[in-house]
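Student: Take a look at the following structure, please.
4 protein chains.
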Amino acid sequence: MSHNSFGHLFRVTTWGESHGPALGCVVDGCPPGLLISAETIQQWLDRRRPGGSRFVTQRQEPDAVEILSGVFEDDRTNGLVTTGTPISLMIRNVDQRSKDYGDIRDRYRPGHADYVYDMKYGVRDYRGGGRSSARETAARVAAGAVARLVLPGVTIRGAMIQMGPHRIDRARWDWSAVDENPFFCPDPVAAKEWEVFLDGVRKEGSSIGAVLEVVAEGVPAGLGAPVYAKLDQDICSALMSINAVKGVEIGDGFASATLSGEDNADEMRLGANGQPVFLSNHAGGILGGISTGEPIVARFAIKPTSSILTHRRSISATGEEVDLRTKGRHDPCVGIRAVPVGEAMLACVLADHLLRHRAQTGRPGPADYPLHRA
Amino acid sequence: MSHNSFGHLFRVTTWGESHGPALGCVVDGCPPGLLISAETIQQWLDRRRPGGSRFVTQRQEPDAVEILSGVFEDDRTNGLVTTGTPISLMIRNVDQRSKDYGDIRDRYRPGHADYVYDMKYGVRDYRGGGRSSARETAARVAAGAVARLVLPGVTIRGAMIQMGPHRIDRARWDWSAVDENPFFCPDPVAAKEWEVFLDGVRKEGSSIGAVLEVVAEGVPAGLGAPVYAKLDQDICSALMSINAVKGVEIGDGFASATLSGEDNADEMRLGANGQPVFLSNHAGGILGGISTGEPIVARFAIKPTSSILTHRRSISATGEEVDLRTKGRHDPCVGIRAVPVGEAMLACVLADHLLRHRAQTGRPGPADYPLHRA
Amino acid sequence: MSHNSFGHLFRVTTWGESHGPALGCVVDGCPPGLLISAETIQQWLDRRRPGGSRFVTQRQEPDAVEILSGVFEDDRTNGLVTTGTPISLMIRNVDQRSKDYGDIRDRYRPGHADYVYDMKYGVRDYRGGGRSSARETAARVAAGAVARLVLPGVTIRGAMIQMGPHRIDRARWDWSAVDENPFFCPDPVAAKEWEVFLDGVRKEGSSIGAVLEVVAEGVPAGLGAPVYAKLDQDICSALMSINAVKGVEIGDGFASATLSGEDNADEMRLGANGQPVFLSNHAGGILGGISTGEPIVARFAIKPTSSILTHRRSISATGEEVDLRTKGRHDPCVGIRAVPVGEAMLACVLADHLLRHRAQTGRPGPADYPLHRA
Amino acid sequence: MSHNSFGHLFRVTTWGESHGPALGCVVDGCPPGLLISAETIQQWLDRRRPGGSRFVTQRQEPDAVEILSGVFEDDRTNGLVTTGTPISLMIRNVDQRSKDYGDIRDRYRPGHADYVYDMKYGVRDYRGGGRSSARETAARVAAGAVARLVLPGVTIRGAMIQMGPHRIDRARWDWSAVDENPFFCPDPVAAKEWEVFLDGVRKEGSSIGAVLEVVAEGVPAGLGAPVYAKLDQDICSALMSINAVKGVEIGDGFASATLSGEDNADEMRLGANGQPVFLSNHAGGILGGISTGEPIVARFAIKPTSSILTHRRSISATGEEVDLRTKGRHDPCVGIRAVPVGEAMLACVLADHLLRHRAQTGRPGPADYPLHRA
């Protein structure tokens, strides 16, 4: 089966191919009465939009979003508000150049989903990867923009922390640097080095992988569930659903394996205001599937772009061995554009869990169970 | 909300606390007509069962499974068969020793879900972690045993490949070694070293993390979906839902970040029988969310057991700062017992996707779309 | 596929056959902190229990419920409370007499699900109808008892309003009469007549259908949704899922077809307290899929018990034409025992929608949007 | 919560308001490789389209459908085929006349969802009923057109069988008459009478209810499930989700209540070809939640249009008592346009269950379990 929805209460369904007339999403379950505008959504789409630098595909897509439903402007309100009904968002495809893809109609590009599509569906839209094109992620970013409206007080940010073998120095982490280089890199020194590195990759017609980190601050304690709707599980699932992602971790992640119980356990104390304080955040803001109130930290690894200019061995749909290089306009490091996508997915998961939490407690935000003081 | 089901067509709902009368699961969606027996399920539970060595909790639980529904013995069949109706499996709790937990009734154990439970629910069953106890995983293993019945021809195996900082040598990988040491370690040399290492950890009252690997062989190409029911996404979600897991990766995983497009793409050729052959498996058997026919390889990192004998700083539910050490019977490396659990989760995901695939194609197994030969 | 769950946030999964060792349900999504006890659940089961009069099956089942999980007794609480985790309820089968069913092993009883089971599953548990036995409804009643805990202030009651061709006189409706006759009949005069009528049916070895009505009072306005989670839609689905139900209606139901727009529209005025008042309730408490605050009124029709002592023509699983009468212990009017089941299903749907509403508004009960006063 | 999806494997999500820029649906789960065209979908939309006669709203909507995704034209195929990915269908709103609705902005129209919308959402799009407008059903009809592609060999037809108090004579039932009168009436004599009757209703500015019947022929035995995905349950849920529906029944429906077990049970014999034959169809093609192979027969009652020209008492959102008549263009009998909608919903449910059945059996159509011949 094809399944194209995620989320339980804040549910997003995306649709559309890279080379069809349009793509979009339906956001179902957004609470009513939230101020919304196409401009708000557009600003997030613009962050993801290709064509911004020489390091991303040169395809020119304005990615202009249209809000087709679920909103209403009443003179009792200050502008457009959500009505609680499904919000349909559409983005027209503009710069498609389908002819670029004719020569791979019958050939399976290595590292791409071409072969498995044929195995699954028996028919595939070979233009630009069809449904598995990264263009689908524009719809995710639009949905994430709506999710952010459900999360006032929560800050969700992302960054690229490793390109190929080159990792940032976390001591130099500066969120303000993220928007000042073409890589969403929080380390200005690393960003300079990556520029040289990626120019080399690009000129060779090669590509390279990356590691990204997304962080949510301001998430209150108590979101999630202990067994199969774990907050970390749903975040991992959401990030893993992004194209080309091959690994996901929370907090110390794989490094936890090397820690002792003493080192790993985040100790607690009471803060100045008498509220619980964690003295470290190895857990990445989630214990037993439930948020602790500390920043939620997730990282995900993205493989190198599969479309490269080097010939690779493959086969054709007609049963011949072929050698194949992928022409066309592509990203030397698809990880770059995945930063806004990762943020959007994290926002959607948190919005969903906030609504789930409300269902349980009947309160606007997470539980505020007082400590059982004597 | 509490959610305790996973799977879309092969759906498992688990229930039960560590210290209640019983725990169990309902497996819904299992096809009819499959031979089943309590013994078949029991053998997998026995693999996971604590009490087997000095390296796992000394709690003595027979974990004897009862099949309460969904099966029928007819004289037209050779024994018990599934009927297509929900299979209810129950395991009685036997060795509970609730008094061990009285002293943490009002204290939040660091690294445990105690604090977040109170934040989420406002009430918690403090005996043994309640719902977030690793005992819940017995129900998963039972469900996984049923899932395996849906997957004839598929071999699902797991192993521990890293304990603390000590990684196996993959050149020495030997599946037959896995059952000959207390760690499910496929490297007999490493297993010897781990024994010494973990004895040290245990004697110090400390604990250590681990990395596990699960592999499914014989999975045909074509299972999964390109967007939100990606096979890798569902595997990650399932593995991440296991207690103490902090990271998951598929194929080359986080190492993909350092690869070039040329190195990462698995090339294809036609094999001796004219069928497609991949020349490598960096993808871990999944491309674009869909199985390739190569072995599916997933790894997951498990943090060290949070229950340790060293005092750690924490707070109480009554708002005081406390120092806390966890007495009781615990595992120095919970990762060990997670091997059968990881296998079970992988089996459940594959069974679910096999049924989804049938829905699409109307065929017993995955699509056998012939290559479009001239 | 077999599907055995209903509800979105308050989700019930039932399992168990008529002649297996036990049956039960898992109630997932029940909020934490609600007082609960086996006795509370048992009282509703006792209402449904067969063996109470000569008009229901003489099978003797104590239907004693065990709570296996999801509850906890803490000395800070006054007895057992829900913990927010799945509540597993089990009822052992006691009086099964499997041998009664041997002679229909290979024969399809007319009006029963025997034939379609074989067409769907290719294997069936022929003892007592297996999964399609009315015994499954005991699990529903147990779940409904939990649902009622979520709905303080809501009164849910049911009655039989027609037996065969004999309808009650609504002018004589008296809720207190319902528990004073073996038919849950609110009209004491009709109840007397039905007794004579049903004795005749029973002595002939025949059976008869019925119409039931369930009413929920105290449901606030605003529960439901305008399109595919309509409150009336979910109520109909829940009632239609009860064995032998062939029709469902809300408010004026089928009679609405004969009404003019003027007669059908429930007019509104402001009541003594300035709150909105409906002057009639043709809508049965639901407009556009959303509750109005008026009593919710649903009716459902139940066909006559299919097991009768008269020979009927049928076929065998081995392809022969046979004549068949069903021996064993059966109800001359299965509609009787469906009254507590209908109440339970209505309670489950309302609990589910209350939680959905909370998710949207973040308030314990339904929206209390003030009228937009000048 | 707002929920706007239905179906489990063949899943439809609709979006759009009466007076927004467009409405539409996403059909997810449609198998790949089915021939499809906008024209095929359009023909069903044209059947539902208002403006066809003086008996339906004079709103002029071309209801032209655009296929935005999920299809592909390859020169290996004879035209457009489904790809197995989500099919996004959009219909632009054209003739909206929003000013007609200004005067009910703050007033609750009796019989409409206006009041409950405010209670649920606290904000509403008052133009034309927003989401609860019957225009939403255009999206259902489009989805139903796709569902029919999944059901080759199944004929799904609908008819109006009662208008107000006037019921057809079933002895005169003639499917070919249905398209020859403005009422989808299968009885040509009744159709003539209804014309006179409805002209009277229309001229009075009043409205009237109706009863509709939908029938699916060619549905094989074995679709459905015995407990909570009963075929009849899902059909009832789907029909009940249509605007203004107040009752649903299957087969003999409410009349079953008056039948004896002997009369109600459909007897069986072997037909000329040795296949099972039912001698009657009181069950309406469904026993125990599973299809029997006989025609599936469902009826549903539709209340009179709530928009009428007579003044009715109501209240305003600002807390005043008002008298209200609804101007604008409306249907004197909304039941008429519900016939294609009922057909579409039945098609969607059957497509969903066919896919579910495939999942279980791994066969293209329903199980073909041979009778267990000696």
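Just so you know, the sequences run in chain order A, B, C and D. Sequential numbering from 1 applies to the first sequence in UniProt numbering. Sequential numbering from 1 applies to the second sequence in UniProt numbering. Sequential numbering from 1 applies to the third sequence in UniProt numbering. Sequential numbering from 1 applies to the fourth sequence in UniProt numbering. Cβ atoms here follow ideal geometry from the backbone N, Cα and C, with glycine treated the same way. Predicted model only: the values in this text are computed from it and were never measured.
1) Any residues in the stretch 65-90 of chain B with a beta carbon nearer than 7 Å to a beta carbon of chain A? Which ones, in chain order?
2) When you compare the stretch 266-279 of chain A with the stretch 222-238 of chain B, are there three or more beta-carbon pairs, one atom per stretch, that lie closer than 8 Å?
3) Is Val196 of chain B buried or exposed, if buried means 16 or more other CB atoms sit within 10 Å of its CB?
4) Can you list, in chain order, the residues of the stretch 241-269 of chain C whose Cβ is nearer than 7 Å to any Cβ on chain D?
5) Determine the chain B residues that contact Pro31 of chain A at a beta-carbon separation under 9 Å, and present them in chain order.
6) Just checking my contact of Gly153 of chain C with Gly205 of chain C at CB under 8 Å: how many whole Å lie between their CB atoms?
7) How far does the alpha helix (DSSP H) with Ser237 of chain B in it extend, from its first residue to its last?
8) Would Gly7 of chain C count as contacting chain A if we go by Cβ distances under 8 Å?
9) Consider the Cβ of Cys236 of chain A: report whether some Cβ of chain B lies at a distance smaller than 8 Å.
10) Using three-state DSSP, classify Gly70 of chain D as helix, strand or coil.
11) Quick check on Tyr126 of chain A - is its C-beta less than 8 Å from some C-beta in chain B?
12) Could you check which residue in A:Arg109, A:Ala145, A:Glu180 and A:Leu198 has the C-alpha nearest to that of His166 of chain A?
13) Could you have a look at Ala374 of chain B and say whether DSSP puts it in helix, strand or coil?
14) Assign Lys246 of chain C to one of two classes, buried (16 or more other C-beta atoms within 10 Å of its C-beta) or exposed (fewer than that).
15) DSSP beta-bridge partners for Ser88 of chain B?
16) Using a Cβ-Cβ cut-off of less than 9 Å, list which residues of the stretch 177-202 of chain B approach chain C; keep chain order.
17) Which of the three DSSP states, helix, strand or coil, is assigned to Leu35 of chain C?
18) Can you pull the chain A residues whose beta carbon is under 8 Å from the beta carbon of residue 397 of chain B, in chain order?
19) With a 10 Å radius around its C-beta and 16 neighbouring C-beta atoms as the bar for buried, classify Gln43 of chain D as buried or exposed.
20) Anyone know if the C-beta pair for Asn281 of chain A and Asp266 of chain A falls short of 8 Å?
21) In whole angstroms, what is the alpha-carbon distance linking Thr85 of chain A and Ala351 of chain A?
22) Can you name the residues of chain A whose CB is closer than 7 Å to the CB of Pro332 of chain D?
23) Using 8 Å as the limit for Cβ to Cβ distance, is Ile208 of chain A near chain B?
24) Below 6 Å CB to CB, which residues in the same chain sit around Ala374 of chain C once its five sequence neighbours on both sides are set aside?
25) Determine, using beta carbons only, whether Met119 of chain D comes closer than 8 Å to chain C.
26) Does Pro110 of chain D come out as helix, strand or coil in the three-state DSSP assignment?
27) Relative to chain D, which residues along the stretch 344-360 of chain A have a C-beta separation below 7 Å, given in chain order?
28) Taking only beta-carbon atoms, is Trp15 of chain A less than 8 Å away from chain D?
29) Is it right to say His372 of chain B is buried, meaning 16 or more other beta carbons lie within 10 angstroms of its own, or is it exposed?
30) Below 6 Å CB to CB, which residues in the same chain sit around Asp63 of chain B once its five sequence neighbours on both sides are set aside?
31) Relative to the C-alpha of Glu294 of chain D, which residue among D:Ala190, D:Gly222 and D:Ala177 is closest?
32) Using a Cβ-Cβ distance cut-off of 8 Å, determine whether His3 of chain A contacts chain B.
33) Got a sec: is the Cβ-Cβ distance from Arg148 of chain B to anything in chain A below 8 Å?
34) When DSSP labels each residue in this structure, what does Arg157 of chain C get in the three-state scheme?
35) What does Gln275 of chain D pair with, by DSSP beta-bridge criteria?
36) Would Leu231 of chain A count as contacting chain D if we go by Cβ distances under 8 Å?
Tutor: On the basis of the supplied data:
1) none
2) no
3) exposed
4) Ser241, Lys246, Gly247, Val248, Glu249, Ile250, Gly251, Asp252, Gly253, Phe254, Ser256, Ala257, Thr258, Leu259, Ser260, Gly261, Glu262, Asn264, Ala265, Asp266, Glu267, Met268 and Arg269
5) Simply none; closest approach about 16 Å.
6) The pair is not a contact, with the Cβ atoms about 46 Å apart (cut-off 8 Å).
7) Leu231 to Met240
8) no
9) yes
10) coil
11) no
12) A:Leu198
13) Any reading at Ala374 of chain B must be qualified, since the residue scores a pLDDT of 36, below 50, and its modelled position is unreliable; the value itself is stated next. Coil.
14) buried
15) B:Val26
16) none
17) strand
18) Nothing about residue 397 of chain B can be reported from this structure: the residues present for chain B run from 1 to 374 only.
19) exposed
20) yes
21) 16 Å
22) What Pro332 of chain D touches in chain A: nothing, since even the nearest Cβ is about 28 Å away.
23) yes
24) Residue placement at Ala374 of chain C is flagged as unreliable, the pLDDT there being 36, under the threshold of 50; a coordinate-derived value is accordingly withheld.
25) yes
26) coil
27) none
28) yes
29) Because His372 of chain B sits at a pLDDT of 47, beneath the cut-off of 50, its placement in the model cannot be relied upon, and the following sentence gives the value as read from the coordinates. It counts as exposed.
30) Leu45, Arg49, Ile91 and Ala138
31) D:Gly222
32) yes
33) no
34) strand
35) Its beta-bridge partners do not exist; DSSP assigns none.
36) no
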